[in-house]
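Below you'll find the structure, written out as structure tokens, and then a few comments.
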Amino acid sequence: MSHKILVVEDDATTADFVAAGLIEHGFVVDRANNGRDGLFHATDGSYDCIVLDRMLPGMDGMAVLGALRAAGIETPVIILSALGSAEDRVKGLEGGSDDYLTKPFAFAELLARVRLLIRRAGNGTGAAPETRLSCADLEMDLLSRKVKRAGQAVDLQPREFRLLEFMLRHVDQVVTRTMLLEGVWDYHFDPGTNVIDVHVSRLRKKIDEGHARPLLHTVRGSGYRLGLEG
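Counting from 1, position 202 in the sequence shown corresponds to residue 204 in this note's numbering; the numbering is continuous, with no gaps.
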């Protein structure tokens, strides 16, 4: 069954960009170009995720979000905003959003976040959580905290394990630095260090060295991708 997404965005170019990308990836998309219409659509409870612009005519995004949460509607919400300071992000998250993405953004990042929120919501409604993750001959057991490649044990440090888990949850997707900072390090800002590059390099050596087909790839200018080439 296709997941249903509501996009509330008054900028037609951005709305077209987001809606077209989501539809291309199999989602059913409804749109609203102002806060009041967005709230009207959102209150029917039929959506799996809402992509909500923060600055909207008629009723701003934070007011829409507040009204939804006050009505007991817990549909996952991603706020889109040109306001990207730490204070703005905190206000958005404390106001009831599940995620906050600053404009301009890469569609691949938005898509990954939408999928993650839908998956989390599904697990929260009684679906059995995943206990094993895999990519080709790379396997991770979340219960035993063990990793194997081609049947051979891979010894990972806790942060490397968390990094690989994040990558395995986004197999064949481009994962950006921002996604890794927020999803693995819990940073909502870029500390301006090479911490990600160092950990990815160590992880790549552990899972790819000695194997004919590498799995962890650098996507120049974008981030990283876990998966087979070709």
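By construction, the Cβ of each residue, glycine as well, lies at the ideal position given by its N, Cα and C atoms.
Three-way DSSP call (helix, strand, coil) for residue i in this model
i, result
"glycine 223", "coil"
"leucine 205", "helix"
"threonine 77", "coil"
"arginine 134", "strand"
"lysine 234", "Nothing can be reported for residue 234, as the shown portion of the chain is limited to 3 through 232."
"leucine 144", "coil"
"alanine 155", "strand"
"leucine 228", "strand"
"leucine 218", "strand"
Cβ neighbour criterion (16 or more within 10 Å) applied to residue i
i, result
"phenylalanine 42", "exposed"
"isoleucine 198", "buried"
"aspartate 192", "exposed"
"arginine 91", "buried"
"threonine 77", "buried"
"leucine 230", "exposed"
"alanine 34", "buried"
Option nearest residue i by Cα separation, candidates the options
i, options, result
"glutamate 11", "Asp192, Thr180, Val53", "Val53"
"glutamate 211", "Ala155, Glu111, Ala88", "Ala155"
"histidine 27", "Val202, Phe109, Leu158, Ala214", "Phe109"
"threonine 15", "Ile209, Ser48, Lys105, Gly185", "Lys105"
"arginine 71", "Glu184, Thr45, Lys150, His213", "Thr45"
"glycine 98", "Glu111, Leu112, Gly124, Ala69", "Ala69"
"alanine 84", "Phe163, Val20, Arg56", "Arg56"
"leucine 144", "Ala138, Thr133, Leu119, Ala34", "Thr133"
"glycine 47", "Ala34, Ala73, Gly37, Gly60", "Ala73"
"alanine 17", "Tyr226, Asn36, Ser4", "Asn36"
"arginine 161", "Leu140, Val186, Val176", "Val186"
"alanine 65", "Glu89, Gly40, Ala88", "Gly40"
Neighbourhood of residue i by C-beta, 8 Å cutoff - its chain only, sequence neighbours within 5 removed
i, result
"phenylalanine 107", "Leu82"
"leucine 158", "Val149, Leu166, Leu205, Lys208"
"isoleucine 7", "Leu24, Phe29, Val30, Val31, Asp32, Tyr49, Asp50, Cys51, Ile52, Val53, Val116"
"leucine 119", "Cys51, Pro78, Ile80, Asp100, Asp101"
"alanine 129", "Note that alanine 129 has pLDDT 45, beneath the 50 cutoff, so the model's placement of it is unreliable and no number is given."
"valine 221", "Val176, Arg227"
Cut-off 6 Å between Cβ atoms - residues of its own chain near residue i, not counting five sequence neighbours on either side
i, result
"leucine 135", "Met142, Leu170"
"glycine 94", "Ile81, Tyr102"
Cβ shell of residue i (< 7 Å), same chain only, five flanking positions each side left out
i, result
"arginine 115", "Ile80, Asp101, Leu103"
Which whole runs of the beta strand (DSSP E) in the segment 28-101 are 3 residues long or more, in chain order?
Listed in chain order, they are 30-34, 51-55, 79-83.
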